[in-house]
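Asker:
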Amino acid sequence: MIKKTLLLSLCAILINLSFAAEKELGETVLVNVKGLVCDFCAVGLKKTFGKKTPEVHSIDVSLKEQTITLFFVKNETLTDKKIAKLITDNGYTLVSIIRNYDPQKN
Amino acid sequence: MSMNNWESSIAHYHYSPTAFESFGISLENYNESNRYDTNFQFNKLIKRKNTRTSQANLYLKTKAGLAFEGNNEYFNSHLGLAADWETRRYFTSYETALHYSDDLDNGSFHQQARVGIAPYIAEFGDLHTWLMLQVEHHPEEEQDSQQFIVTPLVRLFKGAYLTEFGINSNGNAIINLIIRF
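Protein chains in written order, with this note's numbering: chain A, 1039 to 1144; chain B, 1203 to 1383.
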């Protein structure tokens, strides 16, 4: 019984910790590019906006729409200049950056 | 990256700080001899043309190192140009290369072209499938069957994993595997 209680308590603590570690979402930015035709090449974007930019919570890539959606951590962002550099370093041509994009409305 | 074809098995390890240059090492073992090539590699994207529906690239490919055969070792070098154009449906590529190894083959030239079509259009993260036809030209080969080699290929990729496999016109298998870390 004691073992079971301890085990349940440990699980509860771990679940709480995992929720605490989850960062809140902030601004969403839509980046329109040209040249985004190869899925395997675009994998680099996930690495770029994962490792090099802790400000970015997650990204979504659409080959059909030629867009990269950046979901930022709350109260964090990147300048247009920084986003442009990361996009061009990945070999894509930047078309536009749309701030405060709402995926639900579009 | 590992590549196995009718002539050799090659293992590459590459680091690409940006999409425009790539540094790497390679180890190549020739199937019908005890020859090994060890090379440093540098590839440079010379020109890229992006549009809303396509991407075209021109690359310079270089490698240099040592070739080993038995107790002998030789300087080994390779200079090539590669170009490709692709949409989400169609793929074409061409590459040509000069290869030189002291005393081994006194230099050789080869060229290779590919065309491909995707039977369905997949989105980012899905399994992508390509059906390809590769034609190699090795003018220094003595047998006609080795001068022109045709290989139908299937290319599959999903996420950071890409594989290609096929059987060439001489009945030999080609298997490529690329993993992005």
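In this text, a Cβ means the ideal position worked out from N, Cα and C, and glycines have one as well.
Would you report the Cα separation of GLY1129 of chain A and PHE1222 of chain B, rounded to the nearest angstrom?
Answerer: So the alpha carbons of these two residues sit roughly 7 Å apart.
Asker: Is the Cβ of PHE1078 of chain A closer than 8 Å to any Cβ of chain B?
Answerer: Answer yes: the Cβ-Cβ gap between PHE1078 of chain A and chain B drops below 8 Å somewhere.
Asker: With 16 as the cutoff for other CB atoms within 10 Å, does GLN1427 of chain B come out buried or exposed?
Answerer: Residue coverage of chain B in this structure runs from 1203 to 1383, which leaves residue 1427 of chain B outside it and unanswerable.
Asker: Applying the criterion that 16 or more other CB atoms from any shown protein chain within 10 Å of the CB defines a buried residue, is GLN1142 of chain A buried or exposed?
Answerer: Result: exposed.
Asker: Please specify which runs of the beta strand (DSSP E), each continuous and at least 3 residues long, are wholly inside the segment 1303-1344 of chain B, giving them in chain order.
Answerer: Those beta strand (DSSP E) runs which fall completely within the segment 1303-1344 of chain B and span 3+ residues are 1310-1319 and 1330-1339.
Asker: Check the Cβ of GLU1288 of chain B against every Cβ in chain A and list those closer than 8 Å, keeping chain order.
Answerer: Within chain A, the residues near GLU1288 of chain B are VAL1075 and CYS1076.
Asker: Strictly by DSSP, which residues pair up with LEU1281 of chain B?
Answerer: Its beta-bridge partners are B:THR1264 and B:LEU1300.
Asker: Could you check whether ALA1285 of chain B and TYR1296 of chain B sit closer than 8 Å to each other, using their CB atoms as the reference points?
Answerer: The answer is yes: Cβ separation under 8 Å.
Asker: Going by beta carbon distance, what residues of the same chain come within less than 6 Å of GLU1062 of chain A, once the five residues before and after it are set aside?
Answerer: Contacts found: LYS1112.
Asker: Which partner residues does GLN1257 of chain B have in the DSSP bridge list?
Answerer: Paired residues: B:ASN1252 and B:GLU1288.
Asker: Do you know how far the Cα of THR1264 of chain B is from the Cα of GLU1325 of chain B?
Answerer: Going by the C-alpha atoms only, they are around 33 Å apart.
Asker: Does the beta carbon of SER1100 of chain A come closer than 8 Å to any beta carbon on chain B?
Answerer: Answer yes: the Cβ-Cβ gap between SER1100 of chain A and chain B drops below 8 Å somewhere.
Asker: Using C-beta distances below 6 Å, list every residue in its chain close to HIS1216 of chain B, excluding the 5 sequence neighbours before and after it, in chain order.
Answerer: Excluding positions up to five away in sequence, the list reads SER1224 and GLY1226.
Asker: Helix or strand or just coil, what does DSSP make of LYS1120 of chain A?
Answerer: In this structure, LYS1120 of chain A counts as helix in the three-state DSSP scheme.
Asker: Compare the beta carbon distance of ARG1447 of chain B and LEU1101 of chain A with 8 Å and say whether it is the shorter of the two.
Answerer: Limits of chain B in this structure are 1203 at one end and 1383 at the other, which puts residue 1447 of chain B out of reach.
Asker: From the DSSP output, in three-state form, read off SER1134 of chain A for me.
Answerer: Correct three-state label for SER1134 of chain A: strand.
Asker: Is it buried or exposed for LYS1084 of chain A, if we count other Cβ within 10 angstroms and need 16 for buried?
Answerer: Under this definition LYS1084 of chain A is a buried residue.
Asker: Does any residue of chain B bring its CB to less than 8 Å from the CB of VAL1081 of chain A?
Answerer: Closer than 8 Å to some Cβ of chain B, the Cβ of VAL1081 of chain A qualifies, so yes.
Asker: Under a CB-based cut-off of 8 Å, is ALA1375 of chain B close to chain A?
Answerer: Closer than 8 Å: no.
Asker: For ALA1375 of chain B, count neighbouring C-beta atoms within 10 Å of its own C-beta (all shown protein chains included) and say buried if the count is 16 or more, exposed if not.
Answerer: It counts as exposed.
Asker: Find the residues of chain A that neighbour LEU1364 of chain B, judging by a C-beta separation of less than 7 Å, and give them in chain order.
Answerer: By Cβ distance, chain A contributes PHE1078.
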